[in-house]
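Those letters in the sequence shown? Residues 1 to 284, by our numbering.
In this text, a Cβ means the ideal position worked out from N, Cα and C, and glycines have one as well.
Here is the structure we will look at.
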Amino acid sequence: MEQNRAAHAFATLGHPGRMAVFRLLMRFAPQGVRPTEIAEALGLKQNTLSHHLADLTASGLVQVTRVGRSLYYAVDLDTTEGLIGYLALDVGRARPDLLAPLLSAPKDAAQMDPNIPDTDFDVLFICSGNSARSIFAEALLRDLGKGKFQAFSAGTRPNTELNPFVLEILKRNGHDTSVLRSKHISEFQKPGSIVMDFVFTVCDTAAAEECPPWPGQPITGHWGLPDPVKATGTDAEKALVFAQTYAALRRRIMTFVELPFESLSRMSLQSRVDAIGTETKAKA
């Protein structure tokens with residue numbers, strides 16, 4: 001990246017408000033987010049957010065697309081890659097004492113190596129309440145994962161009980177619900193906790209919330225789906241919405257477990273994970 005362009009990008013990120021917007025968009029990447037949702041998540045006034053988005057777009061860090069009547073802002077991953085590369089390789093001179101700690105991921109390296117027989121992956125699904133979508137995902141991956149995956153779920157503000165529609169649908173589809181419970185993500189952030197290989201958010205609320213970096217540099221993805229708990233109508237109409245959510249997650253997880261993990265690089269895996277979240281959403 002050219003020096004003046006890099007300086008412009010760094011200066012743009014030097015403002016706490018713009019940095020907060022950029023960090024939020026990175027949690028949704030490569031998908032875009034509407035301004036109203038950004039403002040709500042960060043507690044920003046619309047005019048303030050408009051200035052931040054205009055500055056981020058002008059610097060090339062963010063791009064905007066129109067879908068119908070809505071604008072969606074997303075991180076420009078190519079520009080972001082160039083900025084990080086400029087800082088690490090040009091400014092940092094690629095010093096190993098600076099880069100090695102960032103690039104070391106012993107668990108990932110071991111599990112991506114086809115010569116190592118242990119192919120198990122630890123996967124965490126996060127949503128806000130951990131009573132519906134993430135519970136569906138945990139049960140689905142546990143049963144569809146062909147023994148290669150250990151699945152977990154948690155919430156940023158978990159409910160005390162699992163949604164009864166969720167339990168009914170899982171039982172009807174042959175899943176064991178006896179081991180399922182609502183949990184806070186802090187259970188997986190304690191010292192000595194399982195180091196995750198993949199961390200997925202399955203609701204926009206969870207993706208929008210700040211979370212410390214996960215140990216082990218897991219591959220992350222946003223597979224957001226509307227909250228079935230908010231469905232209205234008769235019990236039959238509500239049950240249909242929950243069944244549709246279950247079906248959408250089942251499609252995504254079936255695609256995920258069929259990935260050729262042993263032949264994919266970390267970068268390729270990240271691209272595949274991103275594609276699952278966008279392609280299957282479009283088909284839903």
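For Val202, the closest of Ala29, Phe261, Asp227 by C-alpha to C-alpha distance is Asp227.
Taken in chain order, the unbroken stretches of beta strand (DSSP E) that lie wholly in the region 129 to 173 and span 3 residues or more are 149 to 155. The C-beta distance from Gly32 to Tyr73 rounds to 6 Å, short enough to fall under 8 Å. Ranked by Cα distance from Asp176, the first of Leu141, Thr36, Pro215 is Leu141. With contacts defined as CB atoms closer than 9 Å, Ala88 and Leu77 fail to qualify as a contacting pair. Put simply, the backbone Cα of Pro158 is about 15 Å away from that of Ala137. Inter-segment contact for the region 40 to 56 and the region 16 to 27 is present: three or more beta-carbon pairs are separated by less than 8 Å. Counting only unbroken stretches of 4 or more residues, the alpha helix (DSSP H) elements lying wholly within the region 75 to 105 are 77 to 85, 96 to 103, in sequence order.
In the three-state DSSP reduction, Gly277 falls in the helix class (H, G or I). Val202 sits in coil when the DSSP states are folded into three classes, being neither helix nor strand. Beta-bridge partners of Gln63 (DSSP): Ala74.
Approximately 5 Å separates the beta-carbon atoms of Thr156 and Ser128; this is inside 8 Å, confirming the contact. The shortest CA-to-CA distance from Ala132 to any of Asp143, Met267, Arg266, Ser153 is the one to Ser153. Put simply, the region 221 to 236 does not touch the region 55 to 65. Fewer than three CB pairs are less than 8 Å apart. Secondary structure note for Gly221: its beta strand (DSSP E) is the uninterrupted segment 219 to 222. DSSP lists Ser153, Phe200 as the beta-bridge partner residues of Phe125.
For Ser263, there is no enclosing alpha helix (DSSP H), since its DSSP letter is neither H nor E. The C-alpha of His184 is placed about 11 Å away from the C-alpha of Lys190.
Cα atoms of Thr12 and Gln150: separation of roughly 41 Å, rounded to the nearest angstrom. Per DSSP, reduced to three states, the secondary structure at Val179 is coil, with no helix or strand assignment. Judged by DSSP secondary structure, Asp55 falls within the alpha helix (DSSP H) whose first and last residues are 46 to 58.
Cβ-Cβ distances below 7 Å link Phe256 to Ile276 in the same chain, with the five nearest sequence neighbours on each side left out; the list follows chain order.
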